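In the numbering used here, the protein residues as written are 115 to 299. See below for the structure under consideration.
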């Protein structure tokens with residue numbers, strides 16, 4: 115149904131779930147339903163404005179993403195939580211519960227780092243994506259034969275390092291040439 119209604123100003127409506135019925139006051143039911151739902155949206159926007167998470171210096175699409183994630187989704191979840199639990203909890207308390215549960219979730223997956231007496235080759239993944247480094251042994255060999263300029267651009271880049279000395283090695287160099295950590299034992 116497509117409709118044009120004039121109350122204080124002209125309103126254009128498009129609805130697939132309403133018909134052209136009117137209420138007792140002579141107002142279309144689709145306009146009445148819209149006004150009821152608009153109040154919830156205004157309330158949600160008002161609550162989201164109390165504790166903004168987004169800095170104003172970020173780009174618009176990042177602001178939009180974080181607004182949807184941290185404000186709209188949290189308020190909707192809080193509303194559903196209050197409705198299901200039949201309790202009135204404050205929005206800030208609900209946000210603190212979310213943060214605490216996320217922190218607990220992150221701690222459950224971490225495993226303690228144990229230092230082994232025998233050195234082994236471990237794979238490294240950094241969060242920033244800068245996890246590939248030059249193999250130390252290959253770099254030294256290329257420096258001796260071709261010079262530093264050639265070695266810096268042609269050395270094999272690896273994600274594996276010695277668990278004891280934290281130097282990066284490819285698998286071949288670690289097994290055949292890296293005996294420094296083995297000799298210290």
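Cβ coordinates follow ideal geometry from the N, Cα and C atoms, glycine included. Predicted, not measured: the structure shown is a model, and the values here were computed from it.
Say whether the region 246-254 touches the region 266-286, bearing in mind that this needs 3 or more beta-carbon pairs closer than 8 Å, one atom from each stretch. Yes, the region 246-254 touches the region 266-286.
Nearest-angstrom Cα separation, counted from residue 116 out to residue 126: On the chain shown, position 12 is the one that residue 126 refers to. On the chain shown, position 2 is the one that residue 116 refers to. Inter-residue distance for residue 126 and residue 116 is about 8 Å (C-alpha atoms, whole angstroms).
Beta-carbon contacts of residue 295 that lie in its chain and below 8 Å, excluding the five residues immediately before and after: Reading the chain shown from its first residue, position 181 is the one you call residue 295. Within its own chain, the residues whose Cβ lies closer than 8 Å to the Cβ of residue 295, once the five positions on either side in sequence are excluded, are 233, 276, 278 and 279, listed in chain order.
Going along the chain, which residues of its own chain have a beta-carbon closer than 6 Å to the beta-carbon of residue 198, five neighbours each way excluded? One-based indexing of the chain shown puts residue 198 at position 84. None.
Per-residue DSSP class, three states only, for residue 126: Sequence index remark: in the chain shown, residue 126 carries index 12 (1-based). Residue 126 falls in the strand class under three-state DSSP.
Own chain residues within Cβ distance below 6 Å of residue 273, not counting five before or after: Locating residue 273 in the chain shown gives position 159, where the first residue counts as 1. Excluding sequence neighbours, residue 273 sits near 237, 238, 245 and 246.
For residue 271, three-class secondary structure by DSSP: Your numbering for residue 271 matches position 157 in the chain shown. Strand, per DSSP.
Rounded Cβ spacing between residue 235 and residue 288 (contact assumed at less than 8 Å): The residue you call residue 235 lines up with position 121 of the chain shown. The residue you call residue 288 lines up with position 174 of the chain shown. Yes, they are in contact, since the Cβ atoms of residue 235 and residue 288 sit about 5 Å apart, within 8 Å.
Residue 140 versus 194, 128 and 121, residue with shortest Cα-Cα distance: Counted from its first residue, the chain shown places residue 140 at position 26. Per the Cα distances, 121.
Whose CA, out of 134, 145 and 133, lies closest to the CA of residue 123? On the chain shown, residue 123 is found 9 positions in, with the first residue counted as 1. The candidate whose alpha carbon is nearest that of residue 123 is 145.
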